Structure formats: C-alpha cells, structure tokens
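Residue numbers (this note's numbering): 334 to 625.
What follows is the structure, encoded as structure tokens:
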C-alpha cells in the first residue's frame, strides 16, 4: 500500500471511530483538531513531518513542515476542486485544513459540539462534500508522486479480490475503460463516459492480478496480466493505478486491441467484435490479455 493510501486510510479510520473527537487541548492521539489530524495521518503513513504536544504545529506551520517532507504547496486557485487528487491536503493557513479522499469527499476535524471527549455527535471528525468551504483555501499540499511496483501492492489485492461485473465505458474521443468500482462508474458517467454494459465478470478469488496503468499524455488506460509488461510501461511513464480485478489461469478470453491512430487500447470478450474492429476499423489484435 502506498504512503498516500495509508494516509487517506488513517484519516478515514479516525473519522469513522467516534472514540476520537475534536479538541484543541488533547489533540495528539486521543482527540484531534484540524491540523493535528493532518500531521498524525501523514506521519503514520511514513512522511517525516513531525508532531508536537502543544501549539508548535498548527495550520500556520503546515506549509513549512509539509513542504520540507516533500509535499508541494500549490495555490488553490491553480487547482480548484476539479483538479484535486486523492491525498491532497487543502489548507487555509489561518483557519482550517482538510484532506481530499477522492470521489468529491473531504475528511477533517471540525469542532467539539458538546464539550465532551470523543465524537458523541458523529460530526466532530467526519467525511463530507468537497464543495464545503471551497472558497476559503489558500493552498493544496500535494504528496510527492509515488511509483509503487505492481507486486508490492499486496494490501490492495486482498481488498479487491472479490470479483464482480466489470463494465466497459466509452469516451467519444475514442478511449475505453474497464471498472467494477461503482463510485468510479458514477463519476465517469457524470464526466460524459458511456456505460457499454458488462464486458465480463471477474472471478472471485482470482489468481492472476490485472495491473492497471494510465498515460496522462494520451489519456489512455492500459490493463495487463504480464508483470514484465507492467514494469516496462511504468518505466516509460505510465502511472500505476493498482489491481482493479483478477483473472484465472484457464477460462474465457479477454482480447486486447490497439488503434495507433487514436493511441488507444480496447478490450473485449467478444471474438466477433474483435474481428470486426480488426477487419473494418483499423484496430490491431494484440491477442489474449487475460482469462476469466
């Protein structure tokens, strides 16, 4: 699991545990205020930022401390809510800070509503929509980029190896995408992608990890069961996005196609569709990508 994933997971864990509430006095392990929550989660994830026991670290010191640990301070005006990435920390140096956890959500410590220890209301440390307080941020503190090796992503494998219906999405510009994540599906639909339905069903307890990569230069996603290919494309600048599902050693085939004019990959379990795309539309058959 990457440092970014660990940091986000820690913040979500604290928010979901009502034993932890908001406090500006007891703020370094039992309860938290907005800034100590960010410090603790980042340190627990492996970023060497440092923690305190008093007022030596707060929103006014976060830019200094986080950038020393490798984070980049980007003016919020250059990013906006639409440009946030998972793990970004939004900072108002005087008033507040929260962490973006993806899917339009922030997690943060807000206020002690009743004066009691812990989170008796469930709202002192919580997850909410990112548009809240959207006009008050000074900076986005972005974690340093990570390039984890595919075989190191064991924690992710354990979480997602449950199988399920994999949907294929199409973007009018020619790109295709596979996902079984319902939140990702909803986001893609919102952004204009067309759901083409279930492409195949990933097996539960599959033994062949399917690695997913993204190339921001051409907006294309690549899926591969070949670890050597995974290493190669990563070295060539493709961004590793984890293992969304698994395949099997035997079973029905998923074919991978490539269109050099579009610089795009396409996936299908339908041999007739593969043949038509190759014969009539200029796609190159790259063979069986994996089995399910």
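C-beta: ideal position from N, C-alpha, C; glycine also.
Since this is a predicted model, take the numbers as computed values, not measurements.
Minimum C-alpha distance to residue i - residue among the options
i           : options            : result
residue 347 : 580, 515, 363      : 363
residue 579 : 450, 625, 520, 349 : 625
residue 532 : 599, 371, 376, 576 : 599
residue 423 : 444, 395, 603      : 395
residue 434 : 358, 511, 371, 565 : 371
residue 461 : 354, 449, 440      : 440
residue 402 : 365, 375, 430      : 375
residue 475 : 353, 432, 335, 584 : 432
residue 343 : 446, 420, 543      : 420
residue 500 : 507, 513, 472      : 513
residue 509 : 586, 575, 525, 356 : 525
residue 438 : 445, 418, 452, 577 : 418
Residue range of the unbroken alpha helix (DSSP H) whose run includes residue i
i           : result
residue 610 : 604-613
residue 370 : 367-377
residue 497 : Not the alpha helix (DSSP H): residue 497 falls in the beta strand (DSSP E), residues 497-503.
residue 338 : 336-348
Straight-line gap, residue i to residue j (C-alpha atoms, nearest Å)
i           : j           : result
residue 503 : residue 392 : 42 Å
residue 622 : residue 589 : 5 Å
residue 492 : residue 413 : For residue 492, the pLDDT reaches just 49, beneath the cut-off of 50, and the residue's location in the model is therefore unreliable, although a value from the coordinates is still provided. About 31 Å.
residue 436 : residue 546 : 19 Å
residue 620 : residue 563 : 16 Å
residue 477 : residue 570 : 16 Å
residue 443 : residue 428 : 11 Å
residue 573 : residue 511 : 15 Å
residue 365 : residue 558 : 43 Å
residue 339 : residue 494 : 19 Å
residue 612 : residue 618 : 10 Å
residue 380 : residue 604 : 48 Å
residue 490 : residue 581 : Any reading at residue 490 must be qualified, since the residue scores a pLDDT of 49, below 50, and its modelled position is unreliable; the value itself is stated next. Between residue 490 and residue 581, the C-alpha separation is close to 14 Å.
residue 408 : residue 470 : 8 Å
residue 583 : residue 602 : 14 Å
residue 616 : residue 592 : 5 Å
residue 384 : residue 398 : 10 Å
residue 576 : residue 472 : 31 Å
residue 360 : residue 350 : 15 Å
residue 488 : residue 450 : Reliability of the predicted coordinates at residue 488 is poor, the pLDDT of 48 falling under 50, and the value obtained from them is presented with this limitation in mind. Residue 488 and residue 450: Cα-Cα distance of roughly 33 Å.
residue 506 : residue 608 : 22 Å
residue 378 : residue 337 : 7 Å
residue 535 : residue 354 : 40 Å
residue 543 : residue 556 : 6 Å
residue 447 : residue 382 : 31 Å
residue 335 : residue 390 : 25 Å
Range of the contiguous beta strand (DSSP E) that encloses residue i
i           : result
residue 406 : 405-408
residue 397 : Not the beta strand (DSSP E): residue 397 falls in the alpha helix (DSSP H), residues 392-401.
residue 353 : Per DSSP, residue 353 belongs to no beta strand (DSSP E) and is neither H nor E.
residue 510 : 509-512
residue 389 : That residue, residue 389, is in no beta strand (DSSP E); it is neither H nor E in DSSP.
residue 620 : 617-624
residue 475 : 472-475
DSSP beta-bridge partners of residue i
i           : result
residue 590 : 599, 618
residue 462 : 438
Checklist entry - Enumerated in chain order, which unbroken segments of the alpha helix (DSSP H) with a length of 4 residues or greater are wholly contained in the segment 524-586? => result Listed in chain order, they are 560-568.
Checklist entry - Going along the chain, which unbroken runs of the alpha helix (DSSP H) with 4 or more residues stay wholly within the segment 420-460? => result Segments of the alpha helix (DSSP H) lying fully in the segment 420-460: there are none.
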